[in-house]
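To start, the structure itself, in structure tokens.
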Amino acid sequence: MIYTTKTCRRGHVVKRTVGTAIAATAVLLFNVGSTGGANATTDEFDRTELGANWITAGGGILHIAEGRLSADGTPSEPVSMAFHAVPAAGETQEVQATIRWNGRNPEHSAMSIALRADPATQHAGVHFWFTATSMGLSLLSWDGTTFTPAAGTDKYIPVWFKWPDGTTVRLRAEGDTYAAYLGDSPRPILSGTFTEEQVPHTNRYGGVHGQDDSEAPGGGEPPAVLDDFRFSTPAID
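Sequential numbering of the sequence shown, starting at 1, is according to UniProt numbering.
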């Protein structure tokens, strides 16, 4: 593995890996009918390798550890990305996953869920990222180094109380509006917009992003891990 030294987006100096990683093996899929939206893809990460149905990019390799998706050991920057190879059926999309903290309290190392990405055109999509103490709704650049907050949101938003272990994070894209939710709440905790020029509605891929600041001076603990991934086109579309 080749490394270079770079200052991360939070001001830490870190080592990063160079290049894009591709994983191999199978993934759990199923289609849901009218009760759950069309073209629902799920993954419980109950195996040892991420699999060929995931497309990876960015600074490191997102991987499976103890039945959960992990970014441990990935560089702070570029952010590491993985997109499911099965696209959504429509423009309106939802992606969600379950947070597992593993006893950690990361203040800098972030995980996120993403949608409206397109690996073929090198578009990383919109992601709802979080740590134990902050969150944001941003457009991530394909090189994993620049993120632009959604209009109507700040770049960094404080989380005043750490979300409980097992919390579901959910992101929905409908038109130019992107809304982030916790659990089954109908009220978003974040909502903002991107123009169709910034994020084409024809982008149909969902996935996850992650970065580990723990090796950087003052970087704190590694990020949370994710479980119970789901990406779908709601029946409304």
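All C-beta atoms in this analysis are idealised placements derived from N, C-alpha and C, irrespective of residue type, glycine included.
Since this is a predicted model, take the numbers as computed values, not measurements.
Measuring CB to CB, does residue i end up less than 8 angstroms from residue j?
| i | j | result |
| --- | --- | --- |
| residue 142 | residue 127 | no |
| residue 137 | residue 192 | yes |
| residue 131 | residue 106 | yes |
| residue 182 | residue 95 | no |
| residue 111 | residue 71 | yes |
| residue 200 | residue 212 | no |
| residue 62 | residue 45 | no |
Give me the Cα-Cα distance between residue i and residue j, rounded to the nearest whole angstrom.
| i | j | result |
| --- | --- | --- |
| residue 80 | residue 176 | 25 angstroms |
| residue 40 | residue 185 | 20 angstroms |
| residue 166 | residue 190 | 19 angstroms |
| residue 226 | residue 100 | 6 angstroms |
| residue 233 | residue 173 | 10 angstroms |
| residue 169 | residue 74 | 22 angstroms |
| residue 23 | residue 89 | At residue 23, the pLDDT of 31 sits below 50, so the modelled position is not reliable and the matter cannot be decided from this model. |
| residue 220 | residue 98 | 22 angstroms |
| residue 60 | residue 109 | 14 angstroms |
| residue 210 | residue 229 | 14 angstroms |
| residue 218 | residue 77 | 15 angstroms |
| residue 139 | residue 42 | 23 angstroms |
| residue 103 | residue 224 | 9 angstroms |
| residue 179 | residue 115 | 11 angstroms |
| residue 67 | residue 50 | 10 angstroms |
| residue 215 | residue 125 | 27 angstroms |
| residue 195 | residue 53 | 29 angstroms |
| residue 146 | residue 117 | 15 angstroms |
| residue 153 | residue 231 | 24 angstroms |
In the DSSP assignment, find the beta strand (DSSP E) that holds residue i and state where it starts and stops.
| i | result |
| --- | --- |
| residue 187 | Per DSSP, residue 187 belongs to no beta strand (DSSP E) and is neither H nor E. |
| residue 200 | Careful: residue 200 lies outside any beta strand (DSSP E) and carries neither H nor E. |
| residue 221 | That residue, residue 221, is in no beta strand (DSSP E); it is neither H nor E in DSSP. |
| residue 99 | 93 to 100 |
| residue 64 | 63 to 65 |
| residue 42 | 38 to 43 |
| residue 56 | 54 to 58 |
| residue 126 | 126 to 130 |
Do we get a CB-CB distance below 8 angstroms when we pair residue i with the residues of chain C?
| i | result |
| --- | --- |
| residue 43 | Chain labels in this structure do not include chain C; a single protein chain is all it has. |
In chain order, what residues of the same chain have a beta carbon less than 7 angstroms from the beta carbon of residue i, not counting five sequence neighbours either side?
| i | result |
| --- | --- |
| residue 134 | 156, 157, 158, 159 |
| residue 48 | 64 |
| residue 188 | 179, 180, 181 |
| residue 113 | 95, 96, 97, 127, 128, 169, 171, 208 |
| residue 87 | 204, 205 |
| residue 148 | 138, 139 |
Can you list, in chain order, the residues of its chain whose CB lies under 6 angstroms from that of residue i, leaving out five sequence neighbours each side?
| i | result |
| --- | --- |
| residue 55 | 83, 85, 119 |
| residue 151 | 192, 193 |
| residue 197 | none |
| residue 162 | 132 |
| residue 144 | 58, 59, 78, 79 |
Return yes when at least one heavy atom of the ligand ZN lies under 7 angstroms from the C-beta of residue i, else no.
| i | result |
| --- | --- |
| residue 48 | The model on display carries no ligand, and the ligand ZN is accordingly not part of it. |
*If we count Cβ pairs, one from each stretch, closer than 8 angstroms, do we get three or more for the region 77 to 95 versus the region 203 to 219?*
Touching, per the Cβ criterion.
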